[in-house]
Amino acid sequence: MSVAQSQRLFQALFSKKKIDQELAKMILVLLKIKGEQAGELAGLVRVIRKLEKPIPHKSLPYLVDGCGTGGDGVSTFNISTIASIVAAGAGAHVAKHGNRSISSKCGSADLLEALGVKIDASPKRMLKALRECRIAYFHAPLYHPAFKTLQSLRGELAKKKIRTIFNLAGPLLNPLRPSRQVIGVFKKSLIPVMAEAAKKLNLIHVLIVWNYDGTDELTTTNKSLLAQLWKGRIKMTTILPKTYGFKTGNRTALKGGNPKLNREIASRILEGKDRGIRRDVILLNAAAILYASGRANSLKEGIKLAVRSIDSKAALHALQQLSKISHGTQ
Numbered sequence: 018m019s020v021a022q023s024q025r026l027f028q029a030l031f032s033k034k035k036i037d038q039e040l041a042k043m044i045l046v047l048l049k050i051k052g053e054q055a056g057e058l059a060g061l062v063r064v065i066r067k068l069e070k071p072i073p074h075k076s077l078p079y080l081v082d083g084c085g086t087g088g089d090g091v092s093t094f095n096i097s098t099i100a101s102i103v104a105a106g107a108g109a110h111v112a113k114h115g116n117r118s119i120s121s122k123c124g125s126a127d128l129l130e131a132l133g134v135k136i137d138a139s140p141k142r143m144l145k146a147l148r149e150c151r152i153a154y155f156h157a158p159l160y161h162p163a164f165k166t167l168q169s170l171r172g173e174l175a176k177k178k179i180r181t182i183f184n185l186a187g188p189l190l191n192p193l194r195p196s197r198q199v200i201g202v203f204k205k206s207l208i209p210v211m212a213e214a215a216k217k218l219n220l221i222h223v224l225i226v227w228n229y230d231g232t233d234e235l236t237t238t239n240k241s242l243l244a245q246l247w248k249g250r251i252k253m254t255t256i257l258p259k260t261y262g263f264k265t266g267n268r269t270a271l272k273g274g275n276p277k278l279n280r281e282i283a284s285r286i287l288e289g290k291d292r293g294i295r296r297d298v299i300l301l302n303a304a305a306i307l308y309a310s311g312r313a314n315s316l317k318e319g320i321k322l323a324v325r326s327i328d329s330k331a332a333l334h335a336l337q338q339l340s341k342i343s344h345g346t347q
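18 is the number of the first residue of the sequence shown in the working numbering; add one for each residue after it.
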């Protein structure tokens with residue numbers, strides 16, 4: 018379907034006071050079987066955006082989001098969330114958009130909550146955090162009322178491990194509407210779909226990533242594919258760990274667990290105590306966020322900034338400030 022056709026379909030679906038759950042299920046499953054296309058994804062995002070009010074905010078330099086579709090089934094520790102904190106410590110304004118765990122034991126919300134952040138703080142308080150410590154968290158369920166009408170259906174499909182077009186739309190629905198993003202996808206075929214959808218939505222600088230080890234992140238365990246959308250043009254690149262000075266590691270080292278375990282992993286990285294493969298992966302992903310934001314002119318420059326962010330404790334300080342501001346103690 019084209020963007021216009023997709024918009025008409027989803028407008029009709031959401032226009033009813035009570036959505037026909039069976040009809041919605043049929044549409045989502047048929048799109049899944051057919052294979053979702055960029056026009057369909059962009060059309061859905063436009064419809065949902067019209068149903069919601071973006072959070073008004075003053076322009077901020079280097080505003081960016083780093084998140085993924087999830088659903089890769091690998092259950093790594095919270096790479097994009099920790100990388101977002103490091104990128105904030107290096108000068109990017111990171112509006113982290115996320116949710117609780119769906120396919121793993123610990124989602125971005127679960128980790129940040131374990132680290133002391135009040136994840137349901139008001140938009141006003143999170144905007145204050147974004148201005149003052151350059152990192153904020155926007156909890157998806159609070160900002161997407163359109164999704165609530167399909168909550169039971171999405172839960173039913175999730176239990177059957179059926180990922181639908183709504184999973185793909187999530188990263189494109191940040192309530193601050195950043196035009197710069199890093200988006201991880203759970204399978205290779207979604208890279209061009211997500212890149213083309215971002216282009217149709219007029220985003221400026223977006224990096225779509227997928228790793229051959231199956232993760233929706235850049236890792237040092239294998240080569241990664243990266244699609245870069247920059248001012249309307251899309252370019253595919255292969256990322257090799259050795260190009261950036263990293264040794265190839267074992268994927269088992271990236272395994273995460275429950276919020277308590279992932280909090281310990283995050284703390285060790287941010288405190289500079291972990292200097293192994295986990296740190297390397299965070300540096301690489303933080304570099305991608307910094308590059309997408311415009312704070313760094315390349316991944317290599319982004320890595321240097323990320324190293325400084327951790328070693329100077331700037332990233333740790335950003336997290337501590339976010340916790341205080343979210344609770345209203347600062």
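Glycine included, each C-beta is placed from N, C-alpha and C at the ideal position.
Could you tell me the alpha carbon to alpha carbon distance between residue i and residue j, rounded to whole angstroms?
| i | j | result |
| --- | --- | --- |
| PHE94 | CYS123 | 8 Å |
| GLN338 | ALA112 | 15 Å |
| GLY56 | LEU40 | 21 Å |
| ALA153 | HIS334 | 13 Å |
| GLY266 | SER125 | 24 Å |
| PRO192 | ILE99 | 21 Å |
| LYS177 | LYS75 | 42 Å |
| LEU218 | ALA59 | 6 Å |
Would you kindly check if the distance between the Cβ of residue j and the Cβ of residue i is under 8 Å?
| i | j | result |
| --- | --- | --- |
| LEU190 | HIS222 | no |
| PRO195 | VAL103 | no |
| ALA309 | LEU224 | yes |
| THR86 | LEU185 | yes |
| ALA107 | VAL226 | no |
| LEU278 | ALA332 | no |
| ALA283 | LEU132 | yes |
Take residue i and list the residues in its own chain whose beta-carbon comes closer than 7 Å to its own, dropping the five residues that flank it on each side.
| i | result |
| --- | --- |
| LYS42 | LEU170 |
| ALA163 | PHE31, ILE65, LEU68 and GLU69 |
| ASN275 | LYS122 and CYS123 |
| ARG142 | ILE342, SER343 and GLY345 |
| ASP127 | ARG117, SER118 and PRO276 |
Less than 7 Å between the CB of residue i and some heavy atom of the ligand SAH, yes or no?
| i | result |
| --- | --- |
| VAL62 | Only the bare structure without any ligand can be found here, which leaves the ligand SAH out of the picture. |
Compare the C-beta of residue i with all C-beta atoms of chain D and state if any pair is closer than 8 Å.
| i | result |
| --- | --- |
| SER315 | Reference to chain D is not applicable here, since this structure consists of a single protein chain. |
Cα-Cα, which of the options is closest to residue i?
| i | options | result |
| --- | --- | --- |
| ARG197 | LYS135, LEU257, ALA109 and LEU235 | ALA109 |
| LYS321 | VAL20, PHE263 and LYS290 | PHE263 |
| VAL62 | PRO73, CYS84, GLY83 and GLN28 | GLN28 |
| GLY139 | GLU149, LEU159 and ARG148 | First, the amino acid is wrong: residue 139 is Ser here, not Gly. If we check each option's Cα against that of SER139, LEU159 comes out closest. |
| THR269 | ASP230, LEU48, TYR261 and CYS150 | ASP230 |
| LEU220 | ILE200, ILE282, ASP291 and LYS35 | ILE200 |
| LEU300 | ALA105, PRO71, ILE50 and GLU130 | ALA105 |
| GLY52 | PHE155, LYS330 and LYS204 | LYS204 |
| ILE44 | LEU278, ALA331, GLY88 and ILE182 | ILE182 |
| CYS150 | GLY172, LEU77 and GLY115 | LEU77 |
Looking only at its own chain, which residues have a Cβ that is under 8 Å from the Cβ of residue i, when we skip the five neighbours before and after it?
| i | result |
| --- | --- |
| LEU271 | VAL91, THR93, PHE94, ILE96, THR232, THR236, THR238, ILE294, ARG295 and VAL298 |
| ILE251 | PRO209, ALA212, GLU213, LYS216, ALA244 and GLN245 |
| LYS49 | ILE179, ARG180, THR181 and ILE182 |
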